[in-house]
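Chains as they are written, first to last, in numbering that gives the first Met the number 0: chain A, 0 to 272; chain B, 0 to 272; chain C, 0 to 244; chain D, 0 to 244.
So the structure is just underneath, and the comments pick up after that.
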Amino acid sequence: MKQFDELSLLEIVDEVKDGDLIGIPADYSGVPMEFTKELIKKGVKDLKLYCLPLTTIQGDMLIGSGCVSEVEAAAVTLGEFGLAPRFSEAVESGKIIIKDSTCPALHAQLQATEKSVPFMPLRGVIGSDIQKYRKDWQVIENPMKFTGNKNEPILLLPAVQLDILIFHAPCVDKNGNIQIGRRRELSTLAHASKKVFVTTERILDIDLFDDELSAATCLPALYIDGISVVKNGAWPCALPGVYCADNDEIKKYSIAAKTQKGFEHYMKNYLSN
Amino acid sequence: MKQFDELSLLEIVDEVKDGDLIGIPADYSGVPMEFTKELIKKGVKDLKLYCLPLTTIQGDMLIGSGCVSEVEAAAVTLGEFGLAPRFSEAVESGKIIIKDSTCPALHAQLQATEKSVPFMPLRGVIGSDIQKYRKDWQVIENPMKFTGNKNEPILLLPAVQLDILIFHAPCVDKNGNIQIGRRRELSTLAHASKKVFVTTERILDIDLFDDELSAATCLPALYIDGISVVKNGAWPCALPGVYCADNDEIKKYSIAAKTQKGFEHYMKNYLSN
Amino acid sequence: MIELKREELLISELADLLVNDKHIAVGAASPIPGAAALLVKEEAKLQNNRLRVTILHSNKYNNFTDGARELFDCAAQGRIDTFFLGGVQIDGEANINLVGTGSYAKIQKRFPGSFGSALMYFVVPQIILFREEHSPRTLVDKVDFISAPGFSDENIYRPGGPKFLLTNRALFKFNKQKKRFCLLKIHNNESLENIIKLTGFKFDVDDKITNMSIPNKTRIDILRNKIAYMVSEFYPEFADKIWGV
Amino acid sequence: MIELKREELLISELADLLVNDKHIAVGAASPIPGAAALLVKEEAKLQNNRLRVTILHSNKYNNFTDGARELFDCAAQGRIDTFFLGGVQIDGEANINLVGTGSYAKIQKRFPGSFGSALMYFVVPQIILFREEHSPRTLVDKVDFISAPGFSDENIYRPGGPKFLLTNRALFKFNKQKKRFCLLKIHNNESLENIIKLTGFKFDVDDKITNMSIPNKTRIDILRNKIAYMVSEFYPEFADKIWGV
Numbered sequence: 000m001k002q003f004d005e006l007s008l009l010e011i012v013d014e015v016k017d018g019d020l021i022g023i024p025a026d027y028s029g030v031p032m033e034f035t036k037e038l039i040k041k042g043v044k045d046l047k048l049y050c051l052p053l054t055t056i057q058g059d060m061l062i063g064s065g066c067v068s069e070v071e072a073a074a075v076t077l078g079e080f081g082l083a084p085r086f087s088e089a090v091e092s093g094k095i096i097i098k099d100s101t102c103p104a105l106h107a108q109l110q111a112t113e114k115s116v117p118f119m120p121l122r123g124v125i126g127s128d129i130q131k132y133r134k135d136w137q138v139i140e141n142p143m144k145f146t147g148n149k150n151e152p153i154l155l156l157p158a159v160q161l162d163i164l165i166f167h168a169p170c171v172d173k174n175g176n177i178q179i180g181r182r183r184e185l186s187t188l189a190h191a192s193k194k195v196f197v198t199t200e201r202i203l204d205i206d207l208f209d210d211e212l213s214a215a216t217c218l219p220a221l222y223i224d225g226i227s228v229v230k231n232g233a234w235p236c237a238l239p240g241v242y243c244a245d246n247d248e249i250k251k252y253s254i255a256a257k258t259q260k261g262f263e264h265y266m267k268n269y270l271s272n
Numbered sequence: 000m001k002q003f004d005e006l007s008l009l010e011i012v013d014e015v016k017d018g019d020l021i022g023i024p025a026d027y028s029g030v031p032m033e034f035t036k037e038l039i040k041k042g043v044k045d046l047k048l049y050c051l052p053l054t055t056i057q058g059d060m061l062i063g064s065g066c067v068s069e070v071e072a073a074a075v076t077l078g079e080f081g082l083a084p085r086f087s088e089a090v091e092s093g094k095i096i097i098k099d100s101t102c103p104a105l106h107a108q109l110q111a112t113e114k115s116v117p118f119m120p121l122r123g124v125i126g127s128d129i130q131k132y133r134k135d136w137q138v139i140e141n142p143m144k145f146t147g148n149k150n151e152p153i154l155l156l157p158a159v160q161l162d163i164l165i166f167h168a169p170c171v172d173k174n175g176n177i178q179i180g181r182r183r184e185l186s187t188l189a190h191a192s193k194k195v196f197v198t199t200e201r202i203l204d205i206d207l208f209d210d211e212l213s214a215a216t217c218l219p220a221l222y223i224d225g226i227s228v229v230k231n232g233a234w235p236c237a238l239p240g241v242y243c244a245d246n247d248e249i250k251k252y253s254i255a256a257k258t259q260k261g262f263e264h265y266m267k268n269y270l271s272n
Numbered sequence: 000m001i002e003l004k005r006e007e008l009l010i011s012e013l014a015d016l017l018v019n020d021k022h023i024a025v026g027a028a029s030p031i032p033g034a035a036a037l038l039v040k041e042e043a044k045l046q047n048n049r050l051r052v053t054i055l056h057s058n059k060y061n062n063f064t065d066g067a068r069e070l071f072d073c074a075a076q077g078r079i080d081t082f083f084l085g086g087v088q089i090d091g092e093a094n095i096n097l098v099g100t101g102s103y104a105k106i107q108k109r110f111p112g113s114f115g116s117a118l119m120y121f122v123v124p125q126i127i128l129f130r131e132e133h134s135p136r137t138l139v140d141k142v143d144f145i146s147a148p149g150f151s152d153e154n155i156y157r158p159g160g161p162k163f164l165l166t167n168r169a170l171f172k173f174n175k176q177k178k179r180f181c182l183l184k185i186h187n188n189e190s191l192e193n194i195i196k197l198t199g200f201k202f203d204v205d206d207k208i209t210n211m212s213i214p215n216k217t218r219i220d221i222l223r224n225k226i227a228y229m230v231s232e233f234y235p236e237f238a239d240k241i242w243g244v
Numbered sequence: 000m001i002e003l004k005r006e007e008l009l010i011s012e013l014a015d016l017l018v019n020d021k022h023i024a025v026g027a028a029s030p031i032p033g034a035a036a037l038l039v040k041e042e043a044k045l046q047n048n049r050l051r052v053t054i055l056h057s058n059k060y061n062n063f064t065d066g067a068r069e070l071f072d073c074a075a076q077g078r079i080d081t082f083f084l085g086g087v088q089i090d091g092e093a094n095i096n097l098v099g100t101g102s103y104a105k106i107q108k109r110f111p112g113s114f115g116s117a118l119m120y121f122v123v124p125q126i127i128l129f130r131e132e133h134s135p136r137t138l139v140d141k142v143d144f145i146s147a148p149g150f151s152d153e154n155i156y157r158p159g160g161p162k163f164l165l166t167n168r169a170l171f172k173f174n175k176q177k178k179r180f181c182l183l184k185i186h187n188n189e190s191l192e193n194i195i196k197l198t199g200f201k202f203d204v205d206d207k208i209t210n211m212s213i214p215n216k217t218r219i220d221i222l223r224n225k226i227a228y229m230v231s232e233f234y235p236e237f238a239d240k241i242w243g244v
């Protein structure tokens, strides 16, 4: 008996509902671009992107395609290829809501859900305009008698429960354990998500838990709801340790997407490949 | 140039000061028994043991030898060999202070220090006598508007900063990275400790960070203040993946230590070996 | 008729309580719950159902990679259906004591401590209390120390709590509304009178009280031919004592 | 005399600010700070001193194993001595803006966002602000959005904060008490008048204002023969542009 559900890419796409709060991995954590392509084709609406802590071309494409109503992130950027044009345009024209955050806050909100507590405290941030505009964040005076300073304001961040998470991994084992290596932010994302699906380059015919050291590189199968083999599933983003980003393609995108028209032209080609 | 300080066992022992709050690893995390032996020989006093989350023979020996004034733990036990006799006697006779806790609270207090926040919230525990007797713990009404329940009492645990941590590891690499595999509670301990020393079976002639997957099994050298090679350094405790516990020896201890006299007789032999 | 050990009967009783689970976790020093979980997993496999078993102190059945805290985080996330707790004392309101007897300030007999009970009891939907010794010493009217309370006020976050209590003489179900145990089954060699005498707290008695169920031959075969060897990996002394493996 | 690129001069200026560090971390898209950190590490090695450099987006210089949050936890623990921050706008009180221009509700030009600045600025003892473009557009009187404030009230936990600001024209030191920058050095081709004209905020001028320091030949050799290749691993375009490697 197979210890996990092997799904088609479209079956995973079907798990995403309009309005879902969806976990978005950073460019170094395995961006599920093939999945994203199918999601755009399906025409999903009103997604809320929760980026840990940033998104690049994945978020920009979803925004430009009209799939997104809200983004919570520390950054949306094309990195060395400049601003994320559809994101910038959408914010400037008020098409999407941006909940500006900062990297450690995005981690901490998921850690609160990981521990099933309603909030997580964080230092820093106070006095920034990030804090000023986040009505879901709260500041209390340090309630502790023996730790921290008296009268010290402490920022409290709400627990965030994701509806769904999809990321792309180099490989999974025959029992559905996902090899994530040092990309442990994927554990935090998975722990805080109601449903987790993984696209992967390949399924290994071994159990990574048979060896203590290889077990240590895994996100355990118990958090995973389904897996789909998708070759080159992160292209044109990098899959660290497997392939580099296709910088020519990202550059091409960065230029085309400067206008909505150029973006639509680019996407027509991209989606039909 | 060596990327870490290789020390003698006695140099590590000298780093422990009377009154220190010392991190104590569980029996599955690498118990530094050879170090403990030398610590007892030196006659250190007033140690406060912070067990993550429990201690076995290491804590019992330190208590029986008069090195300990306080223990914070979820359990002190000899496991299948029964109660920890010197611990039980010391608590019953009021010789040591026991700060009774529960496993997740011990983890969370270190996670607060890991994040440099004055406290960490935790669910559960409320209504137990553990909570009743912990004057350093506090309960507030859930201050969040949108997460958790209104009027819900939330337990806040103080950040705990350890003075020093010593544990025993199977191997370290030539640059001082410690291979901990799945024993990631050792990361939390190290992150929350001012000083960290490691005894190890051997130093490998490779850099574990040269490979992404072996890097993922490490506690990075940046948290480590010194390393000492000590063969069989966990005996008679287990070093998971390397050797099993010497159950005959622990059983022998469990019987001898039932009385202080028997304990002293046992220790005389143990310390002179 | 097959000669059945008391431990085998208890394993089978526990197994019956686990059949609807997807993820069962077993804590330290729990050979009988551990065997029950593995037995149900094996039976599920025969019916092509997936069942996950996490056994602490076993590398083989350790599903976690995030260190010792993952069990508690995982349980708090609602990803564990059943967990087992014991107690030096268990009282009629399902409060459990793992700390000691006598007053806390001047403790008479000190036991190891509360382990993770103070969280697990709150968050795991089905907590099965398991204590082999059934006597007025272990099943008391009121515990001397509450490691974890049997019930909580309405405003406390508590999706989990006690569902059953199994001893080597009886199986009780906990009634959350009445805050009271109800006797469901007794061991074949027991009388209701004796159970009442040996139980330090008052309890209800189910209308359809029965003896503990004798496992069928298939289950006994799986237990002895398969589970015994699996258990011997992490509880060698227990496996040797019961099955000689 | 050796022909020196402006970028090399900036790398050398930054390196001079790092000599007392034990652990330097460098964030995303920062080739010049990255090169400076590696340069100081190499120079420390020659003197048998240990210096740790963590460069995000480089596998080779990634010292972390606890996922993307470890940089922030590590910094909050006080284990990082120097970090670099930039800004779409930086103002005279060292507030930085990485979000956009115009009012937040009706933003004119949107930039990527604040990244980790809102924590790092508070906890890393030496924050070096680095922004190559030195103009009234980047160095402003008051930022339009505060991604992270340059100073905080007394009751706020803040062991860290701004120490220096380097542009391709000048080096300023931040005076925490006066909440004001002080000009220390200017580029060899610059005049004080021009710096004043190009700076959107008021600042003090140090009594001993000098030109930026020309690195000695040893440093230039290390930079060109060694650091250039190291940088090409994670900033290939930059290494190619400056050194043709």
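Even for Gly, the Cβ is constructed at its ideal location relative to N, Cα and C.
Measure from the alpha carbon of Asp205 of chain D to the alpha carbon of each residue in D:Gly77, D:Cys73, D:Tyr234, D:Asn174, then state which is nearest. D:Asn174
Starting from the N-terminal side, write out each stretch of the beta strand (DSSP E) that is 3 residues or longer and does not extend beyond the segment 135–174 of chain A. 137–140, 152–157, 161–171
Listed from N- to C-terminal order along the chain, which residues in the segment 214–225 of chain B have their beta-carbon within a distance smaller than 9 Å of any beta-carbon of chain D? Ala214, Ala215, Thr216, Cys217, Leu218, Pro219, Ala220, Leu221, Tyr222
Thinking Val39 of chain C and Leu50 of chain C are a contact (beta carbons under 8 Å), I'd like their distance in whole angstroms, please. 6 Å
Tell me which residue opens and which closes the beta strand (DSSP E) that Phe86 of chain A is part of. It is not in any beta strand (DSSP E) - Phe86 of chain A instead sits in the alpha helix (DSSP H) that spans 84–91.
Listing by chain order, which chain D residues have their CB less than 9 Å from the CB of His106 of chain B? Within 9 Å Cβ-Cβ: nothing; His106 of chain B doesn't reach chain D, min ~14 Å.
Which same chain residues, not among the five before or five after Gly18 of chain D, have their C-beta less than 7 Å away from its C-beta? Reading off the sequence shown, one finds Val at residue 18 of chain D, where the question assumed Gly. Cβ neighbours of Val18 of chain D beyond the five flanking positions: Val39.
Count the other C-beta atoms from every protein chain shown that fall within 10 angstroms of the C-beta of Ala191 of chain A, then say buried if there are 16 or more, exposed otherwise. buried
Please classify Asp65 of chain C: is it buried, with 16 or more other beta-carbons within 10 angstroms of its beta-carbon, or exposed? buried
Suppose the cutoff is 8 Å on Cβ atoms and the five residues either side in sequence are ignored; what does the same chain contact list for Glu113 of chain B look like? Thr187, His190, Ala191
By alpha-carbon positions, which one of A:Leu221, A:Glu200, A:Val116, A:Val43 ends up nearest to Leu154 of chain B? A:Val116
Name, going along the chain, the residues of the segment 127–143 of chain B whose beta-carbon falls closer than 8 Å to a beta-carbon of chain A. Asp135, Gln137, Ile139, Asn141, Pro142, Met143
Work out the CA separation of Arg168 of chain C and Lys21 of chain C for me, nearest whole Å. 28 Å
Starting from the C-beta of Ala27 of chain D, find all residues in its chain whose C-beta is less than 8 Å away, skip the five residues before and the five after it, and write them out in chain order. Leu55, His56, Phe114
Which residues in chain A sit within 9 Å of Arg122 of chain B, going by Cβ to Cβ distance? Lys114, Ser115, Val116, Pro117
Apart from the five residues just before and just after Gly18 of chain B, which ones in its own chain have a Cβ nearer than 7 Å to its Cβ? Asp45
Host alpha helix (DSSP H) of Asn174 of chain C (start-end): Unbroken run through Asn174 of chain C is the beta strand (DSSP E), 169–174; no alpha helix (DSSP H).
Residues of chain A with CB under 9 Å from Pro157 of chain B, in chain order? Met143, Lys144, Phe145, Thr146, Gly147
Rounded to whole angstroms, what is the Cα-Cα separation between Glu184 of chain A and Ala67 of chain D? 6 Å
Contact under 8 Å by Cβ, Val70 of chain B with Lys98 of chain B: yes
What are the boundary residues of the alpha helix (DSSP H) that includes Arg218 of chain C? 216–221
Taking the alpha helix (DSSP H) that Lys44 of chain A falls in, what are its first and last residues? Note, Lys44 of chain A: premise wrong, no alpha helix (DSSP H); not H, not E.
Given that a residue counts as buried once 16 or more other Cβ atoms are within 10 Å of its Cβ, and exposed if not, what is Tyr27 of chain B? buried
Run the CB neighbour count on Glu88 of chain B, radius 10 Å, all protein chains shown included, and call it buried at 16 or more, exposed below. buried
Would you decide whether Asn174 of chain B is buried or exposed? Buried here means 16 or more other CB atoms lie within 10 Å of its CB. buried
For Val39 of chain C, does the three-state DSSP call read helix, strand or coil? helix
Using CA coordinates, which residue listed in A:Cys102, A:Val229, A:Cys66 is at the minimum distance from Lys86 of chain A? In the sequence under discussion, the amino acid at residue 86 of chain A is Phe, which differs from the Lys named in the question. It is A:Cys66.
Of the listed residues C:Lys59, C:Gly243, C:Glu236, C:Ile226, nearest to Leu37 of chain C (C-alpha basis): C:Ile226
So, under 8 Å CB-CB, Asn96 of chain D and Ser146 of chain D are touching, yes? Tell me the CB distance rounded to an integer number of Å. 6 Å
For the segment 64–81 of chain B, list every residue whose C-beta sits within 7 Å of some C-beta in chain C, in sequence order. Ala72, Ala73, Ala74, Val75, Thr76, Gly78, Glu79
Taking Lys240 of chain D as part of the alpha helix (DSSP H), name the residues at either end of that continuous run. 235–242
Using 8 Å as the Cβ pair cut-off and three pairs as the minimum, do the segment 43–59 of chain A and the segment 197–214 of chain A touch? no
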